[in-house]
RNA sequence: GCCCGGGUGGUGGAAUGGCAGACACAAGGGACUUAAAAUCCCUUGGGGAGAAAUCCCCGUGCGGGUUCGACCCCCGCCCCGGGCACCA
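Structure (structure tokens):
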């Protein structure tokens, strides 16, 4: 017994998916091959981590948008590269292995098969001959190869660094895998407590590229908010280092400040509790208090230290520093509002012009000296952090803040008391993990010295293991693979693995030449596909703003310096799709039970309807809720399209509609087709899929209203619909044309003159209120319109008998009569 | 606290400074049907006048401004979402 559906999508969709695969129609031509003479377009999705939960409707939103663009460009005669792959290394598969003993490779394969099935059921036009998997040795061989390039350039180094360690998971976690909770830092996965532990780690010197990562953001067509997040993360600040001699000791304290113009207002100096000079400089009298303070603050979590921002704490160390600019002796304090990890770990405090210093000075009754006058007077009980004019500042008096900064830095440099200094918040990238399921480092150790493997020895694959648990001391699981780690010559393999981000740092380059066994990519393939500023369109979630998108830009710049890629940036245009919320307006989550499973939706409504609905919901970048009623609206629309062509018999057969005709379309329909084509074309190019679909609905409503339906008009409609609902479009095309694939046909064109209506209606306003309308030719000039309006029989009625002083005419838009 | 977004009917959302609410959803009414579903047609921002066609007033978070004309531009607030947050 067959359940009745609005149109036979469950029969149509798998059949066309099979036809497309057999015809190989989405294969992108490599440079030199037939088809590569066409202009290229590289349309990329952020490839997914194949989780056990399967795809969710949020993934599909971005993938549908890129598929529409890809199909559109293909129909416009471009050689389109639209690939898909799997970012498949990662913790969940490894945790699953720890719990069940199943090798992560098997879990990963199963998940990939499921993801591929779900993606293919959507009818996406990926070039599957380019599918890549970051856990495939044929792929990660080149991830290791690129690491060796970084190593050769001295951009990879080993350092002892404090990292987040989770005793329950038995592994370290990246900063991004740690959440701040009211109970302290916890792991994102499993919500277990984590702690700081110093461990020897591999680092990548991303800081060497800080300035270029910042500057080159200007080359990119990315959302401004995302660029801003990267700018903040890089955190450039310009200022000066100033040396303060410590009175009665040979030592000096170097501070970093962005406001050297306020140096005359410094009334004390603060060291962070971790500052190396604290034990040396603390006087005997203060030793006990300072030691206690340091101990207390080291036991505080980062969260506690920042949460208590309002009540500042600190202890004087008993020493005085000499302000180089005026010789004044000012006290030295230790306080945990100064961070050891930024600047020099020491600051000069100017309470009159810095909030934190002001609060501290208030708490401990330290002097507050005003050295900047702002443009407006402000209450004496607050501090002024803006820019203004210097006072009480010796040679800086009457200078503006900008002038004073320059003058002070010049003075400090001449007197050798300081120097101009640029700082970044960006830290080097902690690149090693104590995990099994990741890329092994192509590194061996001889005693304390590390050495690279030769590129011929790649790929270095993972050993087979029974036990994926790391040791309680934080030794990586690979340390247990004794026969693997020990080389015949006595050298020992590195047992850390690379983080999940490694594979995604360059996958877009591998897609250019995915089956190359001699190199990660050929120069010809890279030049061809990455021309014109790199990937033409990259779509994915905003959660990667300062992770993947920063890491990949960093690697790309290193590769650019090595002349392995031809442009300094990988992704020219980037769009973030918004989150799709549950029907209850809450974030989709298993525990809330509001998750929409695409498999269920496809079974009930079909892939085309799901594609159309996801695009019709609203602007791509916006967060929006799922609606099962809206989903029904989408299939209703497609069923209307279907019924333009077919009609259902009493027995449930679909037969050609008797309303179809071979006659040419009437003028009104020709205009409707032209207008819709113009609208859909521009909307697709600007990713406004919701209004493109709305234009298609208007056209379908028009065609439905016709007594006889010209086949040529419906074929035209099918072409416009093809990027959105490709299966249905193919089926209609076949039924009306008898042969060929719409996916390989041309994007429709129109005559510009058909965009213009024969007669237009122009609203007539009187004092900006619409009072009437006139019909006239769209070509009518301002002068002609004015004559028509002034001689209109109803004009004095519209104007209420008042005298018309002036008429404003915007042809094609509006007429506004101004009356006094 | 700072930096980005955003605020339009019952709902999702449309509107190069030019008729606010396209297109959908929901709701109501009608046609078809023994009935229901499906489908098709009509109404639908709020208020008011009229027998009716129609007509009038109000309306895009709040308050000002620019303009012949403002959802759109400018200034000052309020609220929501996201990011950063003792970075000197």
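In the numbering used here, the protein residues as written are 80 to 899.
We treat Cβ as the ideally placed atom computed from N, Cα and C, and that holds for glycine.
Model, not experiment: these values are computed from the prediction.
Nearest residue (CA-CA) to residue i, options the options
| i | options | result |
| --- | --- | --- |
| residue 518 | 496, 503, 735, 542 | 542 |
| residue 550 | 177, 166, 127 | 177 |
| residue 507 | 287, 597, 398 | 287 |
| residue 859 | 667, 891, 773, 748 | 891 |
| residue 832 | 752, 270, 866, 879 | 752 |
| residue 539 | 359, 566, 861 | 566 |
| residue 93 | 336, 196, 109, 180 | 196 |
| residue 95 | 711, 826, 821, 363 | 821 |
| residue 71 | 239, 536, 265, 838 | A question about residue 71 goes unanswered here, because the residues of the chain that appear run from 80 up to 899. |
| residue 276 | 598, 199, 706, 377 | 377 |
| residue 144 | 766, 872, 772 | 766 |
| residue 184 | 215, 202, 160 | 215 |
| residue 55 | 725, 799, 346 | Absent from the model: residue 55. The displayed extent of the chain is 80 to 899, so no value can be given. |
| residue 502 | 312, 298, 137, 834 | 312 |
| residue 516 | 857, 162, 115, 182 | 182 |
Beta-carbon gap between residue i and residue j smaller than 8 Å
| i | j | result |
| --- | --- | --- |
| residue 715 | residue 87 | no |
| residue 763 | residue 122 | no |
| residue 417 | residue 408 | no |
| residue 522 | residue 534 | no |
| residue 344 | residue 500 | no |
| residue 836 | residue 790 | no |
| residue 204 | residue 106 | no |
| residue 700 | residue 654 | yes |
| residue 666 | residue 658 | yes |
| residue 848 | residue 841 | no |
| residue 342 | residue 357 | no |
| residue 600 | residue 634 | no |
| residue 618 | residue 300 | no |
| residue 577 | residue 560 | no |
| residue 328 | residue 292 | no |
| residue 368 | residue 394 | yes |
| residue 613 | residue 650 | yes |
| residue 801 | residue 150 | yes |
| residue 829 | residue 757 | yes |
| residue 362 | residue 398 | yes |
| residue 222 | residue 631 | no |
| residue 520 | residue 219 | no |
| residue 855 | residue 864 | yes |
| residue 548 | residue 555 | no |
| residue 694 | residue 703 | no |
| residue 815 | residue 724 | yes |
| residue 413 | residue 372 | yes |
Supposed close pair residue i, residue j - CB separation, criterion 8 Å
| i | j | result |
| --- | --- | --- |
| residue 423 | residue 334 | 6 Å |
| residue 440 | residue 350 | Going by Cβ atoms, the distance from residue 440 to residue 350 rounds to 16 Å, so no, they are not a contact pair. |
| residue 719 | residue 625 | Actually they do not touch by this definition, with Cβ atoms about 45 Å apart. |
| residue 243 | residue 251 | 6 Å |
| residue 91 | residue 810 | 5 Å |
| residue 498 | residue 575 | Contact doesn't hold; Cβ gap of about 38 Å is too wide. |
| residue 432 | residue 331 | Not confirmed; about 24 Å, so no contact. |
| residue 157 | residue 119 | 7 Å |
| residue 429 | residue 325 | That belief does not hold up - the Cβ atoms of residue 429 and residue 325 are roughly 19 Å apart, past 8 Å. |
Heavy atom of the ligand MG within 7 Å of residue i beta-carbon
| i | result |
| --- | --- |
| residue 365 | Annotation note on the ligand MG: not contained in the displayed structure, which lists no ligands. |
Given 8 Å, three or more beta-carbon pairs between the segment 227-234 and the segment 586-594: Taking one beta carbon from each stretch, the segment 227-234 and the segment 586-594 have fewer than 3 pairs nearer than 8 Å; the two do not touch.
The segment 164-174 contacting the segment 186-195, beta-carbon criterion three pairs below 8 Å: yes
Touch test, the segment 776-791 against the segment 731-746, Cβ-Cβ under 8 Å, three pairs minimum: yes
Contiguous beta strand (DSSP E) assignments of at least 3 residues, all confined to the segment 409-444: 425-428
The segment 265-281 touching the segment 626-633, judged by at least three CB pairs closer than 8 Å: no
Stretch-stretch touch, CB-based, cutoff 8 Å, three pairs: the segment 671-681 with the segment 128-142: yes
Every unbroken beta strand (DSSP E) inside the segment 301-388 [3 residues or more]: 316-325, 331-336, 347-350
Minimum length 4: unbroken alpha helix (DSSP H) runs contained in the segment 807-856: Complete alpha helix (DSSP H) runs here, min 4: none at all.
Validate contact between the segment 266-276 and the segment 464-477 using beta carbons, cut 8 Å, 3 pairs: no
Contained alpha helix (DSSP H) runs [length at least 4] in the segment 471-537, N- to C-terminal order: List check, alpha helix (DSSP H) in window: 480-494.
Entirely enclosed alpha helix (DSSP H) segments - the segment 81-164, minimum 4 residues: Restricting attention to alpha helix (DSSP H) runs no shorter than 4 residues, the segment 81-164 encloses them at 88-102, 136-154, ordered along the chain.
Segments assigned beta strand (DSSP E), at least 3 residues, entirely inside the segment 684-741: 725-727, 733-735
Segments of 4+ residues assigned as alpha helix (DSSP H) that fall wholly inside the segment 590-673: 602-608, 627-640
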